[in-house]
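Inspection log for the structure reproduced underneath, given as structure tokens.
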Amino acid sequence: MAYDYSELLTQAQQWAAAAQAEGRLSAERAQLLTTMDARSTETLFAASQTDPHTRPLIVAFMGGTGVGKSSLLNRLAGQAIARAGIERPTSREVTLYHHQSLAINKLPAGLPLDSIKISQHNDAANSHIVWIDMPDFDSVELGNKRLVLEWLPHIDVLLYVVSPERYRDNKAWQLLLAEGAKHAWLFVMNQWDRGQPVQYDDFKQQLGKAGFTDPLIFRTSCSEPDGDEFAALLEQLRQLSGKHSVAQLERRSEQLRRQHLKQTLQQLADDFSGQDYVQCQQNVEALWQHTEASLQQGLAWPIKQLAQFWAENLGQPADIKLWDDWAQNRLNDLLDELVLQAAQANIPSKPLKAALQFVRDNTEKNLTAQTELAGRQALLQPGNGAQRFLLRFTAICETVLPLAAMGAVGYQVFSGYYHSAADATAYLGTDFAVHSVLLIGLSWLIPFFLHKKIQPSLQKAALKGLQKGLQQALTAVRAEIKQALKAEQQHNELLQQQLQALLSKCSVEPTVAIEQGSLLGRVLLAE
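Going left to right, the sequence shown walks through residues 41 to 567 as this note's numbering numbers them.
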């Protein structure tokens with residue numbers, strides 16, 4: 041599926057805005073996309089006119105103050121349609137000169153149309169060219185520079201006009217270097233009646249250093265036009281306005297913009313792939329081991345105090361705080377160090393810090409609840425399994441053995457009484473009574489004594505339960521920290537996938553080779 045450049049740029053800018061809002065992309069890196077311009081030459085016209093086979097060639101006169109740009113346009117028009125002379129340095133006006141068949145009312149509203157002077161002509165030879173006289177780029181008026189930059193994305197061909205005295209103008213030259221590959225360039229050394237061949241040669245040499253191997257330079261003179269190269273300039277522009285040339289210029293512009301967008305997206309993708317979450321996870325383990333040992337040592341005292349209170353005051357609320365300011369500060373130190381080390385691993389700090397804020401805010405509540413719950417559960421079933429079995433066994437023996445002993449003694453008493461009726465000499469005697477009392481007493485005392493001796497300590501049970509709960513709670517805190525980091529890693533991978541999807545959409549078709557000696561080869565900057 042083919043994607044329009046403006047659509048791709050919009051998607052990329054939306055991605056950058058979302059990533060920046062979340063703190064996962066710095067404002068500086070986001071600007072690489074947000075400052076890119078979606079405007080192009082074809083956006084000047086309505087949809088029906090954007091076909092490169094039908095739309096005109098947009099040509100703009102560009103140059104410094106006093107080089108004669110407006111005079112050249114007036115010469116082309118055969119009348120004074122652009123301000124020239126002493127008015128020009130303070131003019132904030134763009135003069136647009138076009139064939140009367142072009143519907144200028146279709147220009148987009150975003151352009152500063154209130155600063156445009158529009159003139160029409162009926163010259164069929166130039167019907168496929170729109171001429172624009174730009175303000176002086178080096179003017180003291182800041183509005184002039186703004187107008188120039190506003191119109192540049194819509195220009196096909198820049199006529200770079202210089203004079204023999206001002207062909208080394210630095211401001212205009214910097215603009216040429218910045219905009220070089222985006223436009224076709226023709227060069228005019230105006231006011232040639234005051235020029236010297238050495239100046240022409242030097243200017244050509246400067247253009248060669250900028251990347252133009254065989255630039256088209258025309259020498260003109262508005263004051264003495266006879267014999268200059270103005271006619272040759274017009275002829276070259278008419279050739280460039282042909283359907284094939286306009287189509288090639290437009291295609292090349294599209295490819296360059298896509299290539300620039302792709303390179304920018306690749307830079308951002310490299311940034312995200314450089315985020316070392318594996319190292320960060322290892323840092324968590326190292327930091328946590330030290331912090332956990334410190335917390336267990338520091339919390340041992342309040343846990344012991346709470347276990348003792350519960351053993352002595354069952355059912356009473358305890359005013360003992362397990363997680364105090366000291367413990368919270370130890371946790372905060374760990375999380376702050378983790379954020380710092382994550383930043384060193386190129387991981388965005390802001391979203392990670394926000395993700396870890398939940399751990400900061402909820403550890404006290406969760407750890408206290410989980411630790412106390414484990415302690416209370418331990419009090420419900422104190423001791424180990426063997427102790428609880430022996431407790432139940434001795435409790436049964438406390439009842440069963442005395443009853444069995446009393447049954448045996450009762451049987452002996454009943455049996456003795458029965459035999460005493462048949463034999464007057466049969467009786468139980470004192471020894472039997474003493475032994476019976478001892479038997480019944482020992483059958484109760486021994487299991488009672490054992491039951492008391494193996495009864496587990498409530499304080500030890502509570503202490504063991506609280507310690508177990510603390511360990512479980514600390515393990516849960518560690519898991520929350522690692523989960524927050526893992527969630528950040530997953531979000532990073534999602535952003536990378538979105539970037540890769542954008543990159544795949546920006547695939548640039550192979551550039552059509554342009555012959556070096558052809559007209560297009562001479563007006564386009566060598567890549």
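For each residue, glycine too, the CB sits at the ideal point set by N, CA and C. Quantities reported herein were computed from a predicted structural model and do not represent experimental measurements.
Rounded to whole angstroms, the gap between the alpha carbons of K508 and E377 is 27 Å. A residue is called buried once 16 or more other Cβ atoms fall within 10 Å of its Cβ, and V563 is buried on that count. Counting other Cβ atoms within 10 Å of its Cβ, Y200 reaches 16 or more and is therefore classed as buried. The alpha-carbon of L565 is positioned some 6 Å away from that of G251. Contact annotation: G235 and P193 have beta-carbon atoms that are not nearer than 8 Å.
Residue burial annotation: W366 is exposed, with fewer than 16 other C-beta atoms found within 10 angstroms of its C-beta. Between L407 and the set L142, R278, W363, Q356, the nearest pair of CA atoms involves W363. Under the three-state reduction of DSSP output, H168 falls in the coil class, being neither helix nor strand. Taking every protein chain shown into account, the CB of L277 has 16 or more other CB atoms within 10 angstroms, so this residue is buried. Rounded to the nearest angstrom, the gap between the Cα atoms of L187 and M102 is 12 Å. In this structure the segment 368 to 375 lies against the segment 396 to 403, because at least three pairs of beta carbons, one per stretch, are closer than 8 Å.
Sequence-distant Cβ neighbours of L479 in its own chain, meaning closer than 7 Å and more than five residues away, are A445, V449. In this structure, the CA atom of K244 is about 7 Å from the CA atom of P255. Taking a C-beta distance under 8 Å as the contact criterion, N230 and S281 do not qualify as a contact pair. Between the segment 279 to 295 and the segment 510 to 521 there are fewer than three inter-stretch CB-CB distances shorter than 8 Å, so the stretches are not counted as touching. Comparing alpha carbon positions, the residue from S80, L346, L543 closest to D196 is S80. Between the C-alpha atoms of Q239 and A100 there is a straight-line separation of about 24 Å. Residues of the same chain with a CB within less than 6 Å of the CB of F227, apart from the 5 flanking positions on each side, are Y200, P255, I257 in chain order.
Ranked by Cα distance from P357, the options R416, P391, K302, L308 are led by R416. Taking all protein chains shown into account, V134 has 16 or more neighbouring C-beta atoms within 10 Å of its C-beta and is therefore buried. The segment 107 to 119 and the segment 157 to 176 touch, with no fewer than 3 CB-CB distances between them shorter than 8 Å. For S389, the enclosing alpha helix (DSSP H) starts and ends at 389 to 420. Burial of H138 is indicated by the presence of at least 16 other C-beta atoms within 10 angstroms of its C-beta. Residue state for K244 is assigned as helix, using DSSP reduced to three classes. With contacts defined by Cβ atoms closer than 8 Å, N532 and F312 form a contacting pair. C320 and V379 have their C-alpha atoms roughly 9 Å apart.
In the DSSP assignment, H161 is bridged to H139. No Cβ-Cβ contact shorter than 8 Å links I169 with P265. In this structure, Y45 keeps its C-beta atom at 8 Å or more from the C-beta atom of R370.
The alpha-carbon separation between L198 and S547 amounts to approximately 28 Å. Classified as exposed, L420 has fewer than 16 neighbouring CB atoms from the shown chains inside 10 Å of its CB. DSSP, reduced to helix, strand and coil, places D173 within a strand of the structure shown. M76 sits in coil when the DSSP states are folded into three classes, being neither helix nor strand. Straight through space, the alpha carbons of G561 and Q307 are spaced by roughly 30 Å. For Y207, there is no enclosing beta strand (DSSP E), as DSSP marks it with neither H nor E. Judged by DSSP in its simplified three-state form, A385 adopts coil rather than helix or strand.
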